[in-house]
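Quick notes on the structure that follows.
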Amino acid sequence: MTTAEPRLAVIGAGPAGLAAALAAADRGLGVTLLDAADGPGGQFYRQPAPALGARRPEALHHRWSAWRRLRARLAGHLATGQVRQLTAHHVWCAERSPGGFLVHALYGPGQDRPVTVRAAGLVLATGGYEQVLPFPGWTLPGVVTAGGAQALLKGNLVRAGHRAVVAGTGPLLLPVAAGLAATGTRVAALVEAADPREFTRCAAVLAGYPAQLAEAAGYAAALLRHRVPVRPRHTVVRAHGTVRLEAVTVAALDGRGRVRSGTGRRIACDTLAVGHGLLPSTELARVLGCRTEDRGVTVDPEQRTDVPGIWAAGETTGGGGAALALAEGHIAGCSAAARLAGRAPDSAGWAGAARTRGRLRRFAAVLEPLYGPPAHWDEQLTDDTPVCRCEEVDAGTVRAAVRDLGAGDARTAKLLTRAGMGWCQGRMCGPAVAALAGGGARPTPGPFARPVPLGVLARAGEEPEEAVPGHRATPPGP
Amino acid sequence: MVVGAGTVGAACAFYAAGEGLRVALVDRGPVAGGTTGAGEGNLLVSDKEPGPELELALLSTRLWAELGAGTGFGTAVEYESKGGVVVASTTEGFAGLERLAAGQRAAGVAARPVAADQLRELEPRLAPGLAGGVHYPQDAQVMPALAAAQLVRAARAAGARLHTGRTVTGVLRDAAGAVRGVRTDRGELHAPAVVNAAGCWGGELAGLAGVRLPVAPRRGFVLVTEPLPPVIRHKVYAADYLAGVAGGSAALTTSPVVEGTAAGPVLIGASRERVGFDRSFPVPALRALAAGAIRLFPFLERVRAIRSYLGFRPWTPDRLPVVGPDPRVPGLVHACGHEGAGIGLATGTGRLVAQVLAGRVPDLDLTPFRPDRFREPTGSRATGEAR
Ligand SMILES: Cc1cc2nc3c(=O)[nH]c(=O)nc-3n(C[C@H](O)[C@H](O)[C@H](O)COP(=O)(O)OP(=O)(O)OC[C@H]3O[C@@H](n4cnc5c(N)ncnc54)[C@H](O)[C@@H]3O)c2cc1C
Ligand SMILES: Cc1cc2nc3c(=O)[nH]c(=O)nc-3n(C[C@H](O)[C@H](O)[C@H](O)COP(=O)(O)OP(=O)(O)OC[C@H]3O[C@@H](n4cnc5c(N)ncnc54)[C@H](O)[C@@H]3O)c2cc1C
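Taken in sequence, the protein lines are chains Z and D. Start counting at 1 in the first sequence, then tack on 587, and there's your number in our numbering. Start counting at 1 in the second sequence, then tack on 34, and there's your number in our numbering.
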């Protein structure tokens, strides 16, 4: 490839990044696609499709064949060199440079070998990460995130006969519970904080989304088939166990999001999959100076951020599922192909994707307020509950900082207790600390998207251009 | 009435309460939410040339040591009197350091030249080939946010009242022009004296009282590494750091100060540039900090940086803080503009302000720190931030 030709770097090869890379490559733009994982697919496609048995709902089947088509198109572009794929490349930072951008990544078994990718434009498709709110016992082995449970499934670590509880809030709990049940795990309960009456109130609006309802109905049918008890308006108040998880206590919530006393009930299980929704990964966007809000990176109808030459798509701009991520990525790729070639894009060319995006964003906007952790979830936290695992800070310490030291928001609570200063940079405990401190935005990690050796930082950008000794241009997986 | 609950305001409230005064401390945010929560906590005498700032630093260092020895307080604020080592890579640089040290010794600083071959006894992981250095045993450190919070806590225990989440929007004055309190977004608070401890925003607060005070933000970054076992014993910095501190330049200067912390991570500070309140992270500044730290400590090459944070130092045109009563507005007392040394200088500043408020003669002559020393702006290159 000649360096004069403008190239697009796409960070993240999940649904959004893949769609962006393919749309741009189809329109003649050279693309470098980077992802930290060993293959493309992101959160959604990386896992094998949950095997829901013979009566697999049509919606899922659809998804799976869509994925096969994406992979075939990617293989075509890899073969011609139109797309270069850098798998197992962790982008730790990106910066503006004359004529474009530098994307700094680490690769190799120790994640310590540097490479810098130069590009005329960037698509940020870094997805999101799962939010988990603490409760007494949440650090016991056997308590995993909802996404982690799917990984366990993949590794066949969860075998038939094991008992799992799936808990938290959000639409992702359904597929996780259904997936676990389908692979032979006894799902002893699906515990969802949301109130079903709220859904009934929105029934008229929701009826406008038959495909999404069909998907949900498919999961519901699977749960019914596997006799999974569903406990709406409930929450896990405690996980029990000495060396590992043995049981959980779940309790009902009242109308104001408080635990109803006397409703606690113990359920034996050896796995608890918890999740309280996804939060956007926005480190790279922020270090590049792109505007972000709580929900994610701010974009315009072409998926452009407010920094010229940078697009963003998928979960990093706000949640809404894989189909939405695909639509947004497609639009970003089309827009980038035109704009980097110096043309104004013809939005009529992506009218279909724009319609899908509009519908799914509206759907997500309807669902969003229905889900959410119980308003007073932090009341269940005993003082000795660890909040920050990296720095070993418990809830009592954070409360004391607020009461005695004048910590009035998440940032000062962090400064005064070290909660959130450790390896994960508050990705895990940020929301909990913010709640205990009585508000304020959760502190945002950064500016590095990954820890970086100082020697690499000191010479960032000095490596020979895209010299990647022994890098593998991995063909898409089976 | 102290406005600003950073380390400086906290120290003013603490010492004023100790004088038996009735004290209220107001901040629009939480305690330590300003620059205090975004900097490092070096308490340095080593980086100051003989003169009024060094005198304030020596007073402050004594007071920090007193506080640090107090039961519980020292550990609570992570006070460590670990000493500093300034190193030079060239013989001319070393000669310069020795000259500075001689002057500092005359002013009462403990400063011991260290020959090249003894440097690594002091600091085993230092790079080979340095020309020499100076050891400053008085240099110490605290964790700044904890220092502010514990000073506030002690002030409250002595009767001070804390009002967080309350923005001062005006300074109330009587017919004769004297201060009688402040207006806030949640009502008025009355007091015969108002202390301006608003850090970078000290100029704005002075403006509310109708006087000009040129305080401008000077941005700085700190790099934080993964936690390490204690391998760096002192605060170690290169001689060129001194040029950066003393220089008033608006352009970026980076010269590393490397230090371990009680919690494990190594802190690498600090860059200096005057770019207004710009919160973006330019990679070149971070790159320069990392490179400088590796020049001092080659083993850092493979150590990972996990984050970086930035803050805005309260800068004044002549690089001295503004401490003492404002002759233009009776009842207004300033305690701001400490730039990159506000943590270190907080105790001395608090003590001096408390003495002024109590009507006593302050321990130091406040003339060099007086608020009306700045010339009125002429033309367009007026205030600090305009350059
Ligand atoms: C447990 C679970 C179940 C779900 N179930 C469903 C479902 O049933 N239906 C549905 O529609 N959606 C579901 N989702 C949501 C769906 O996975 C996401 O909406 C979708 O994957 C978003 O796509 P994306 O491309 O924006 O991000 P992702 O799929 O998250 O992809 C982002 C990619 O970016 C890479 N990346 C991030 N940062 C860096 C970096 N610094 N360097 C290099 N690479 C980086 C990551 O490795 C990742 O591959 C589920 C999610 C979870 C966690
Ligand atoms: C990267 C970096 C490294 C540093 N390293 C060191 C070091 O090693 N050693 C050292 O001594 N110093 C260091 N400093 C400098 C030090 O942090 C500052 O000098 C010090 O924090 C100033 O404290 P302060 O109390 O004056 O200001 P701040 O901490 O900023 O407090 C001012 C307070 O006033 C409040 N306020 C402002 N306006 C109003 C209003 N209108 N109403 C109500 N409240 C208001 C603000 O909310 C704020 O809380 C460093 C600074 C930076 C940025």
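Cβ atoms here follow ideal geometry from the backbone N, Cα and C, with glycine treated the same way.
Among D:Pro355, D:Glu373, D:Gly371 and D:Leu153, whose alpha-carbon lies nearest the alpha-carbon of alanine 272 of chain D? D:Leu153
Whether glycine 626 of chain Z touches threonine 674 of chain Z by CB criterion (8 Å): yes
Could you work out which residues of chain Z lie near glycine 237 of chain D, taking near to mean beta carbons separated by less than 9 Å? Going along chain Z, no residue has its Cβ under 9 Å from glycine 237 of chain D, so there is no contact; the nearest lies around 24 Å.
Cysteine 975 of chain Z, enclosing beta strand (DSSP E) - first and last residue: 973–975
Helix, strand or coil, according to DSSP, for glutamate 293 of chain D in the structure here? strand
Can you name the residues of chain Z whose CB is closer than 7 Å to the CB of valine 213 of chain D? Going along chain Z, no residue has its Cβ under 7 Å from valine 213 of chain D, so there is no contact; the nearest lies around 25 Å.
Which of helix, strand or coil does DSSP assign to aspartate 981 of chain Z? strand
In or out: histidine 676 of chain Z buried (at least 16 other Cβ within 10 Å) or exposed? buried
Which residue comes first and which comes last in the beta strand (DSSP E) that contains tyrosine 49 of chain D? From DSSP, tyrosine 49 of chain D is part of no beta strand (DSSP E) but of the alpha helix (DSSP H) over 41–52.
Looking at the secondary structure, which residues open and close the beta strand (DSSP E) in which glutamine 718 of chain Z lies? Counting along the chain, glutamine 718 of chain Z falls outside any beta strand (DSSP E), and DSSP gives it neither H nor E.
Can you name the residues that DSSP bridges to threonine 619 of chain Z? Z:Ala596 and Z:Arg671
Chain Z residues whose Cβ lies nearer than 9 Å to that of threonine 198 of chain D: In chain order: Gly993 and Gly995.
Does any heavy atom of ligand 2 sit closer than 7 Å to the C-beta of proline 348 of chain D? yes
Residue from D:Leu160, D:Val258 and D:Gly236 with nearest C-alpha to valine 120 of chain D: D:Leu160
Can you list, in chain order, the residues of its chain with a C-beta nearer than 6 Å to that of histidine 664 of chain Z? Leave out the 5 residues immediately preceding and following it. Ala612 and Val670
With a threshold of 16 other CB atoms inside 10 Å of the CB of proline 602 of chain Z, please say whether the residue is buried or exposed. buried
Who are the neighbours of threonine 999 of chain Z on chain D, taking C-beta pairs under 9 Å? Gly63, Pro64, Val65, Ala66, Gly67, Gly71, Ala179 and Ala183
Tell me the rounded alpha-carbon separation between alanine 174 of chain D and valine 291 of chain D. 13 Å
Just to check, is the beta-carbon of leucine 865 of chain Z closer than 7 Å to a non-hydrogen atom of ligand 1? yes
Would you tell me roughly how many angstroms separate the C-alpha atoms of proline 895 of chain Z and arginine 594 of chain Z, rounded to the nearest one? 15 Å
Cβ of arginine 62 of chain D within 7 Å of any heavy atom in ligand 2? Yes, the Cβ of arginine 62 of chain D comes within 7 Å of a heavy atom of ligand 2.
Endpoints, the beta strand (DSSP E) within which glutamate 260 of chain D is located: For glutamate 260 of chain D, the uninterrupted beta strand (DSSP E) run begins and ends at 250–261, by DSSP.
Cβ of alanine 136 of chain D within 8 Å of any chain Z Cβ: no
Find out if the Cβ-Cβ distance for the pair alanine 610 of chain Z, glycine 629 of chain Z is shorter than 8 Å. no
Cutting at 6 Å between CB atoms, please list the residues of its own chain near alanine 1000 of chain Z, excluding the five before and the five after it. Val985, Ala988, Ala994, Val1020 and Ala1024
Which chain D residues sit within Cβ distance under 8 Å of glutamate 779 of chain Z? Within chain D, no residue comes near glutamate 779 of chain Z; the closest Cβ sits about 35 Å away, beyond 8 Å.
Alpha helix (DSSP H) containing tyrosine 632 of chain Z: first to last residue? 629–632
Mind listing the chain D neighbours of arginine 1005 of chain Z? Cutoff is C-beta to C-beta under 8 Å, in chain order. Ala297
Inter-residue Cα distance where the pair is alanine 297 of chain D and tryptophan 725 of chain Z: 25 Å
Can valine 202 of chain D be considered in contact with ligand 4, in the sense that its beta carbon sits closer than 7 Å to one or more heavy atoms? Ligand 4 is not among the ligands present in this structure, which contains only ligand 1 and ligand 2.
Where does the unbroken alpha helix (DSSP H) through glycine 916 of chain Z begin, and where does it stop? 909–927
Which partner residues of arginine 852 of chain Z appear in the DSSP bridge assignment? Arginine 852 of chain Z is bridged to Z:Val837.
List, in chain order, every chain Z residue whose beta-carbon is nearer than 8 Å to that of valine 186 of chain D. Leu992 and Gly993
In the structure shown, what three-state DSSP assignment does leucine 90 of chain D receive? Correct three-state label for leucine 90 of chain D: helix.
Identify the continuous alpha helix (DSSP H) that holds isoleucine 328 of chain D and give its terminal residues. 317–330
Of all Cβ atoms in chain Z, is any one closer than 8 Å to the Cβ of leucine 334 of chain D? Yes, leucine 334 of chain D lies at the interface with chain Z (some Cβ there is under 8 Å from its Cβ).
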